[in-house]
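Protein chains in written order, with the numbering used here: chain A, 1 to 455; chain L, 1 to 91.
The beta carbon of each residue, even a glycine, is placed where N, CA and C say it ideally should be.
Right, one structure below, let's go through it.
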Amino acid sequence: MLHISPEEIVETLLMVQQQHLDIRTVTLGISIGDCGADTADEMGRRLYEKVTHAAERLVPVCEAIEREYGIPIRNKRISVSPVAAVAGRCACDDLTPVALAMDRAAETAGVDFIGGFSALVHKGVGAADDALIRSIPSALAATARVCSSVNVASTRAGMNMDAIARMAHTVKETAALTAEADSIGCAKLVVFANMVEDNPFMAGAVHGAGEADAVINVGISGPGVVRAIIEALPDDADLTAVAEAIKATSFKITRAGELVAREAARRLGVAMGIVDLSLAPTPAEGDSVAEILEAMGVERCGAPGTTTALALLNDAVKKGGAMGTSSIGGLSGAFIPVSEDAGMVRAVQDGALNLEKLEAMTAVCSVGLDMIAIPGDTPAETIAGIISDACAIGVINNKTTAARLIPAVGKVAGDHVSWGGLLGAAPVMDVSRWSSARLINRGGRMPAPLGSLRN
Amino acid sequence: MKTRAIVSVLGADRVGIVAAISAALAEQEVNIEDIRQTILSDVFSMTMLVTIDEDTHPFEDVHAHLATVADELGMQVTLQREDVFRFMHRV
């Protein structure tokens with residue numbers, strides 16, 4: 001007996017063929033805890049062996065699942081344990097050889113990105129953390145697939161303002177070393193507050209300390225599907241009806257993610273980790289989170305009401321998704337990267353969306369200040385101020401926030417930068433001309449908020 | 001291993017679609033368990049529940065064979081494991 005109606009089958013086909021339903025990423029997390037060595041070269045060699053062996057079947061297995069279930073898996077990726085956590089034995093100043101080994105391993109495995117050139121320094125900077133942060137600019141300039149992330153703040157520890165200032169300089173150095181490619185290095189570098197251990201999305205994916213040796217994490221997608229369902233509602237549908245429609249759709253999208261996660265984990269013989277419910281846009285027309293908000297009723301993303309619409313969207317996606325999987329994890333909040341979302345780019349070009357509004361939007365979703373090109377001559381203290389504002393929202397509200405800023409060398413507000421592929425292209429956004437230098441130069445640590453004292 | 005799958009066929013109506021698809025499935029020893037077919041504003045729409053014996057005819061082979069027939073017919077033919085629909089549309 002056919003228990004599924006032909007209408008449901010056609011609906012599923014349309015979701016894939018016309019509304020860009022896909023699995024945004026299947027990410028294999030691999031522990032490299034046993035790859036520590038006395039030199040960076042030896043650590044790189046061990047890492048390459050470990051990762052290429054563990055990820056040998058990742059791409060063919062994902063491709064088979066795509067064909068058999070008819071749901072595209074847009075990206076296959078790898079995350080490894082934060083390199084700084086494993087590099088303690090290596091008494092060296094430069095960990096670039098480890099990044100080079102990661103890049104080669106990703107190429108051999110056939111994945112487009114590998115995450116984990118990372119350090120957690122929200123409370124203090126260890127010797128290996130110091131070496132890693134120092135290596136970030138050269139590592140990102142010398143590699144194509146390596147992604148780097150640094151956690152500088154947490155609700156439990158507060159904000160390491162010295163680390164934030166240092167990361168601002170690191171962002172600028174990375175921009176300078178990759179200046180000829182519109183400072184693309186910075187598109188692979190995220191500064192986090194409350195980094196999570198099971199994020200499948202780049203550039204911030206790491207394989208956390210609390211994970212099994214190898215684990216499959218899946219990130220869903222589907223902004224186009226959500227927008228289509230809202231556009232199909234009557235014009236006078238109230239916001240309760242909008243939330244209901246999003247919930248129902250989110251359930252279906254999440255189930256596709258749950259199925260792919262289970263099946264990929266089973267076929268690879270590793271643990272199934274989490275399904276990340278983040279709605280992730282791509283530069284493809286129609287696959288836009290901004291356009292969902294516009295379908296809900298703001299003329300352009302960034303208009304007053306945008307934060308409300310985003311809050312409703314983010315909440316409804318979680319409520320529907322929570323019925324679809326018992327393994328919610330990762331970031332699980334709508335993404336609003338500017339360059340990766342055609343609707344966001346249009347909103348910036350039309351003057352509807354600015355940095356300050358994006359910061360407000362960060363308060364109600366995840367990873368707010370994402371893929372934002374700013375003028376190349378923006379002072380490091382101003383960049384630190386922007387990063388610390390994003391972190392403050394995360395720390396006080398007990399949620400993950402991040403900043404991925406690209407101070408494009410030689411570019412001024414209104415210029416255009418392009419990184420190609422999923423990273424997209426974006427107009428360079430204006431930054432406040434008022435200085436943050438006195439605040440940032442105080443340094444020290446912003447104490448953890450009272451809300452962190454929960455025991 | 002027996003695998004349940006859904007074949008869906010969409011395109012302009014013409015003579016011989018059901019015959020061609022059924023013949024292609026029979027060649028791969030795929031058993032048809034249920035068929036729903038309708039014409040919606042001149043668009044032919046058919047969904048079939050089928051069982052594939054993967055020990056003799058792997059999913060990939062059936063998939064490739066149907067793709068050839070789809071090209072010949074000029075129709076959109078998809079073959080997907082049944083679980084994807086059960087997962088997405090049933091609580």
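### Query
Which residues bound the beta strand (DSSP E) around residue 24/A?
23-30
### residue 154/A - containing beta strand (DSSP E), residue span
146-154
### Task
Check whether the stretch 425-432 of chain A touches the stretch 9-19 of chain L, counting contact only when three or more Cβ pairs, one atom from each stretch, lie closer than 8 Å.
no
### Secondary structure of residue 18/L, DSSP reduced to three states
helix
### Message
Cβ closer than 7 Å: which chain L residues qualify as neighbours of residue 8/A?
### Response
85 and 89
### Task
Return the CA-CA distance between residue 362/A and residue 323/A, expressed in angstroms with no decimal places.
25 Å
### Task
Take the Cβ of residue 221/A as the centre, count every other Cβ of all protein chains shown within 10 Å, and call the residue buried at 16 or more, exposed below.
buried
#### Entry: Collapsed DSSP secondary structure at residue 15/A in the structure displayed
helix
### Query
How many Å lie between residue 336/A and residue 110/A at the Cα?
27 Å
### Message
Cutting at 6 Å between CB atoms, please list the residues of its own chain near residue 15/A, excluding the five before and the five after it.
### Response
21 and 225
### Message
Which residue marks the beginning of the beta strand (DSSP E) containing residue 427/A, and which one marks its end?
### Response
424-427
### Residue of 419/A, 448/A, 252/A and 357/A minimising C-alpha distance to residue 283/A
419/A
### Task
Using a Cβ cut-off of 8 Å (strictly closer), state whether residue 255/A contacts chain L.
yes
### Query
Taking Cβ to Cβ, would you say residue 400/A is nearer than 8 Å to residue 196/A?
yes
### Task
Run the CB neighbour count on residue 441/A, radius 10 Å, all protein chains shown included, and call it buried at 16 or more, exposed below.
exposed
### Task
Report the rounded CA-to-CA distance for residue 356/A versus residue 61/A, giving the unit in angstroms.
43 Å
### Message
Within 10 Å of its beta-carbon, does residue 276/A have 16 or more other beta-carbons around it, so buried, or fewer, so exposed?
### Response
buried
### Task
Pull up the CB-CB distance for residue 102/A and residue 146/A, whole angstroms please, since I reckon it's below 8 Å.
5 Å
### Message
Quick check: what's the CA-CA separation for residue 51/A versus residue 297/A?
### Response
46 Å
### Message
How far does the beta strand (DSSP E) with residue 368/A in it extend, from its first residue to its last?
### Response
Residue 368/A -> no beta strand (DSSP E), and no H or E assigned at all.
### Message
Less than 7 Å between C-beta atoms, sequence neighbours within five positions excluded: which residues of the same chain meet that for residue 265/A?
### Response
216, 271 and 272
#### Entry: Option in 405/A, 422/A, 253/A and 92/A with minimal Cα separation from residue 175/A
405/A
### Query
Who are the near neighbours of residue 105/A in its chain, counting only those whose CB is closer than 6 Å to its CB and skipping five residues on each side?
48, 51 and 52
#### Entry: Partner residues on chain L for residue 252/A, Cβ-Cβ distance less than 8 Å
88 and 89
### Query
For residue 45/L, which residues in chain A fall below 8 Å Cβ to Cβ?
6 and 10
### Query
Is the shortest distance between the beta-carbon of residue 78/L and the beta-carbons of chain A less than 8 Å?
yes
### Within 8 Å, strictly: CB atoms of residue 290/A and residue 371/A
no
### Query
Counting along the chain, where does the beta strand (DSSP E) carrying residue 250/A start and finish?
Taken as a continuous stretch (DSSP letters only), residue 250/A belongs to no beta strand (DSSP E), being part of the alpha helix (DSSP H) at 239-268.
### Task
Determine, using beta carbons only, whether residue 48/A comes closer than 8 Å to chain L.
no
### C-alpha gap between residue 243/A and residue 126/A, whole angstroms
46 Å
### According to DSSP, residues forming a beta bridge with residue 46/L
9/L and 37/L
### Message
Please classify residue 207/A as buried or exposed, where buried requires at least 16 neighbouring CB atoms within 10 angstroms.
### Response
buried
#### Entry: Cα-Cα separation between residue 23/A and residue 72/A, rounded to whole angstroms
6 Å
### C-alpha gap between residue 253/A and residue 321/A, whole angstroms
8 Å
### Message
Give me the subset of the stretch 258-275 of chain A whose CB atoms are less than 8 Å from a CB atom of chain L, sorted by chain position.
### Response
258 and 259
### Query
Which value, in whole angstroms, describes the spacing of the CA atoms of residue 44/A and residue 187/A?
23 Å
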